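A short worksheet on the structure shown next.
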Ligand SMILES: Cc1cc2nc3c(=O)[nH]c(=O)nc-3n(C[C@H](O)[C@H](O)[C@H](O)COP(=O)(O)OP(=O)(O)OC[C@H]3O[C@@H](n4cnc5c(N)ncnc54)[C@H](O)[C@@H]3O)c2cc1C
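In our numbering, the protein residues as written are 7 to 290.
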């Protein structure tokens with residue numbers, strides 16, 4: 007279908023973008039790479055009167071080293087993340103996961119800000135941000151604020167971003183000594199995850215001392231598998247022990263039912279994939 011009529015503006019600064027959005031109220035919408043928003047426009051599921059394109063804003067692009075953390079600009083593309091040396095060295099989970107999303111053409115346009123602000127429960131990066139305990143830098147008419155990943159995803163396609171607020175960057179802590187893995191289950195290459203698991207693990211003296219697990223598509227928002235995290239902490243770093251801990255991965259989840267799988271199937275996948283992801287993160 008052809009989208010409804012809209013005005014399209016490319017501001018030259020972040021402040022100009024916020025000003026435009028503030029004036030437009032409910033009728034204004036941010037666009038970055040357009041990979042999620044354009045299909046919604048074409049289906050007329052979104053009918054904004056104004057699109058404010060932040061994809062070209064230089065201040066929202068690239069990865070900055072802040073010492074203990076990396077600040078990833080919201081308009082940094084997934085293609086860039088998959089090949090960035092700072093990301094590979096300090097936060098490989100993001101680079102690995104970005105490289106598993108869609109295909110090369112989509113990754114060249116899609117941005118990390120769009121992937122997070124869209125808040126699709128089948129999206130891979132929200133669960134990664136949750137497991138990393140990332141913090142989201144936001145600017146709006148009232149100024150700057152930070153939102154913890156755990157407080158950002160409120161419901162299906164719904165975030166804590168207020169009207170006229172723009173996600174400017176994602177702050178991810180460097181995690182030296184942690185292993186990581188993202189395990190994605192899909193039936194065809196480049197498809198969305200039926201279930202995905204982001205795992206981080208720290209080892210010492212043959213034991214996993216701490217584990218973090220984020221689940222994709224196991225509810226309307228990404229969730230932490232806290233029961234499995236607790237079971238993995240202090241356990242022997244072996245495949246069998248981690249598989250036992252992973253048997254609790256689906257506790258507290260609300261997996262959806264759709265053409266790709268029933269809730270029970272997804273629960274099974276979450277347990278199996280968590281066992282694999284934890285073992286890979288722990289290096290066993
Ligand atoms: C064929 C195809 C396959 C895909 N497969 C996968 C997959 O396997 N896994 C996966 O995770 N994703 C997948 N995606 C989705 C893709 O990752 C997202 O479409 C993309 O990352 C969104 O980024 P964007 O810059 O294109 O956002 P846009 O489409 O421009 O925007 C998406 C939403 O985010 C908002 N937004 C964008 N930037 C900001 C900002 N800075 N501040 C506030 N709001 C903002 C927009 O208003 C809009 O609501 C796929 C997409 C396609 C087209």
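The C-beta atom is built at its ideal place from N, Cα and C for all residues, glycine as well.
Given the structure is predicted, the values throughout are model-derived calculations rather than measurements.
Here the C-alpha atom of residue 245 lies approximately 8 Å from the C-alpha atom of residue 281. Judged by the Cβ position, residue 116 qualifies as a neighbour of ligand 1 at the 7 Å threshold, a heavy atom of the ligand being closer than this. Counting C-beta pairs with one atom in each stretch, the segment 148 to 156 and the segment 94 to 107 have fewer than three that are closer than 8 Å, which means they do not touch.
Its chain contains 15, 17, 34, 56, 58 as the residues whose beta carbon lies nearer than 8 Å to that of residue 26, once the 5 sequence neighbours on both sides are disregarded; these appear in chain order.
Under the three-state reduction of DSSP output, residue 187 falls in the strand class.
In the three-state reduction of the DSSP assignment, residue 258 falls in the coil class, being assigned neither a helical nor a strand state. Using a Cβ-Cβ distance cut-off of 8 Å, the segment 182 to 197 and the segment 73 to 87 are not in contact, since fewer than three pairs of beta carbons, one from each stretch, lie closer than that value. Counting only the Cα atoms, residue 237 lies some 16 Å from residue 212.
Between the alpha carbons of residue 174 and residue 164 lies a distance of about 17 Å.
For residue 216, the secondary structure class from DSSP, reduced to helix, strand or coil, is strand. Residue 228 and residue 215 have their C-alpha atoms roughly 24 Å apart. Between ligand 1 and residue 124, a heavy atom-to-CB distance of less than 7 Å is present. Secondary structure of residue 245 (DSSP, three-state): helix.
Shown here, residue 281 sits in a helix according to DSSP, grouped into three states. For residue 12, there is no enclosing alpha helix (DSSP H), as DSSP marks it with neither H nor E.
Taking C-beta separations shorter than 7 Å and ignoring five residues to either side along the sequence, the partners of residue 68 in its chain run 79, 82, following chain order.
Take the alpha-carbon of residue 70 and the one of residue 123: they are about 20 Å apart. Judged by DSSP secondary structure, residue 140 falls outside any beta strand (DSSP E); it is assigned neither H nor E. Ligand 1 approaches residue 40 closely enough that one of its heavy atoms is under 7 Å from the residue's Cβ.
Nearest C-alpha to residue 277 among 254, 258, 156, 259: 254.
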